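Residue numbers (the working numbering): 6 to 467.
Printed below as a string of structure tokens:
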């Protein structure tokens with residue numbers, strides 16, 4: 006209760022009530038009525054890890070060595086309690102298993118923690134990787150979603166039997182007690198080493214119920230792709246009087262949230278989209294302008310990040326206006342806007358008006374998908390909050406406009422399949438649809454009652 010009320014009031018949480026690590030696992034249903042609780046073995050692992058962490062650190066008596074959600078996800082205060090733990094823990098420990106990656110709830114926990122690490126990395130321009138995975142049940146690499154596959158982690162140091170049987174096998178099978186103890190001790194040492202190295206700062210909790218899953222929708226393809234394009238100047242071709250401190254040698258080095266943020270927005274957006282289980286690429290609008298063909302079907306959804314200052318350059322403004330005339334509804338617009346940038350604030354009304362005149366179609370579509378994204382995203386924290394909604398809307402439009410073909414040998418009983426990176430790249434193997442229209446979740450009708458009119462509605466942290 007103290008932790009929840011303290012965070013709600015905006016205060017800092019004393020280190021003694023911050024969980025050192027968060028153990029994330031998929032609840033296993035009981036086999037038959039009144040049967041033994043299958044999660045009792047996870048409870049044992051949790052207790053052993055807490056014991057080792059307390060021994061390896063100088064945590065005071067009464068401190069929370071770890072947090073584990075022991076309840077089925079329901080009940081009063083459950084979401085708030087979970088959100089507070091994810092916002093303050095120092096290390097996130099996912100228990101890998103096939104059931105784990107099939108769990109939307111586990112994917113939400115992963116996303117909430119990883120977004121926090123991405124935000125801290127954006128502020129410092131230093132990696133803030135604080136996820137330490139553990140094998141509960143071994144999972145083939147081909148079955149790992151992108152965020153898990155990209156983790157640089159060597160499980161072999163925990164023992165050969167741990168790699169082949171996982172912690173569940175070691176804890177259940179007789180004769181492997183020594184291997185279990187070694188694996189848990191090595192895992193605890195890794196948790197402590199990462200916690201001491203990364204020093205992840207607490208943040209305000211997310212509403213856990215509203216975050217997406219880092220594993221993507223259930224049944225989604227591991228090859229989902231998305232492209233991020235940045236329309237901005239370099240410091241070598243800025244409008245007269247514009248400060249170069251926000252720009253680099255090319256558009257991809259534009260950093261609108263300088264000096265609070267140290268990492269260019271293109272790469273922060275790339276990390277955030279990857280955390281939604283996409284393969285992501287980035288590019289400059291200057292390099293890609295003129296290569297678009299509105300007659301060709303899309304091959305991926307896209308996000309266009311626009312600096313309002315580009316309308317001061319007539320050549321870029323004309324290229325953007327021409328792009329706006331093409332029918333490309335699978336491209337969604339995001340407009341970063343730092344109101345603490347005094348030059349931008351002084352010209353806000355003029356630049357906003359000219360951008361609306363240059364991109365009337367794209368701005369209208371963007372506002373329908375997420376008003377805050379089109380009206381001005383105030384800081385990195387807000388970017389992380391609105392980007393999943395922008396990506397969702399772009400993906401839905403891609404699915405509506407992507408090229409389809411009829412399954413070979415059966416043109417009446419099966420639904421068409423998509424071509425391209427989000428569909429299939431060659432002849433179908435199993436006769437099934439990899440991406441039905443509802444794969445990405447609920448339909449967005451443009452009436453988003455949860456949105457705010459401005460991205461800077463709450464930027465007290467910026």
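We treat Cβ as the ideally placed atom computed from N, Cα and C, and that holds for glycine.
Treat the numbers as computed from the prediction; the structure is a model and nothing was measured.
For residue 362, the closest alpha carbon among the candidates 381, 326, 347 is that of 326. No Cβ-Cβ contact shorter than 8 Å links residue 163 with residue 98. The residue among 123, 69, 104, 260 with its C-alpha nearest the C-alpha of residue 281 is 123. Residue 131 and residue 278 have their C-alpha atoms spaced approximately 18 Å apart.
Going by DSSP, residue 325 is part of no beta strand (DSSP E) but of the alpha helix (DSSP H) stretching over 319-330.
Taking a 10 Å sphere around the C-beta of residue 147, we find fewer than 16 other C-beta atoms and assign the residue as exposed.
Across the structure, residue 160 and residue 245 are spaced so that their CA atoms are roughly 55 Å apart.
Between residue 342 and residue 402, the C-beta spacing is not below 8 Å.
Boundaries of the beta strand (DSSP E) around residue 289: 284-289. Under the three-state reduction of DSSP output, residue 210 falls in the coil class, being neither helix nor strand.
Taking C-alpha positions only, residue 292 is separated from residue 253 by approximately 16 Å. The DSSP-derived three-state label of residue 231 is strand. Listed in chain order, the non-local C-beta contacts of residue 221 below 6 Å within the same chain comprise 282, local neighbours out to five positions each way being set aside. Under a 10 Å Cβ-count criterion, residue 248 is classified as exposed, with fewer than 16 other Cβ atoms of the shown protein chains found around its own Cβ.
Exclusion of the five residues before and after residue 190 leaves 57 as the residues of its chain whose Cβ lies within less than 7 Å of its Cβ. Closest by C-alpha distance to residue 47, out of 24, 165, 185, is 185. The region 200-216 makes no contact with the region 100-109: fewer than 3 CB pairs, one atom from each, lie closer than 8 Å. Taking every protein chain shown into account, the CB of residue 218 has 16 or more other CB atoms within 10 angstroms, so this residue is buried. Taken atom to atom, the span from the alpha-carbon of residue 347 to that of residue 251 is near 12 Å. In the structure shown, the three-state DSSP call for residue 183 is helix. For a cut-off of 8 Å, the C-beta gap from residue 111 to residue 31 is around 5 Å, short enough to register as a contact. The residue among 354, 307, 407 with its C-alpha nearest the C-alpha of residue 301 is 407.
Exclusion of the five residues before and after residue 356 leaves 313, 314, 316 as the residues of its chain whose Cβ lies within less than 7 Å of its Cβ. Note that the C-beta distance between residue 171 and residue 140 is below 8 Å.
The closest CA to that of residue 319, considering only 392, 242, 194, is found on 242.
Note that the C-beta distance between residue 138 and residue 156 is below 8 Å. Around the beta carbon of residue 63, fewer than 16 other beta carbons sit within 10 angstroms, so the residue counts as exposed. Around the CB of residue 307, 16 or more other CB atoms lie within 10 Å, so the residue is classed as buried. Where residue 310 is concerned, the enclosing beta strand (DSSP E) starts and stops at 307-311. In the same chain as residue 321, and ignoring 5 residues on each side of it, the C-beta atoms closer than 6 Å to its own belong to 315, in chain order. With a beta-carbon spacing of about 17 Å, residue 395 and residue 360 fall beyond the 8 Å limit used to define contacts.
By the C-beta density criterion, residue 154 is exposed, having fewer than 16 other C-beta atoms within 10 angstroms. Of the candidates 104, 105, 73, 397, the residue whose Cα lies closest to the Cα of residue 90 is 73. For residue 106 and residue 61, the gap between their C-alpha atoms comes out near 30 Å.
Per DSSP, the unbroken beta strand (DSSP E) holding residue 71 starts and ends at 71-73. Ranking 353, 196, 209 by CA distance to the CA of residue 345 puts 353 first.
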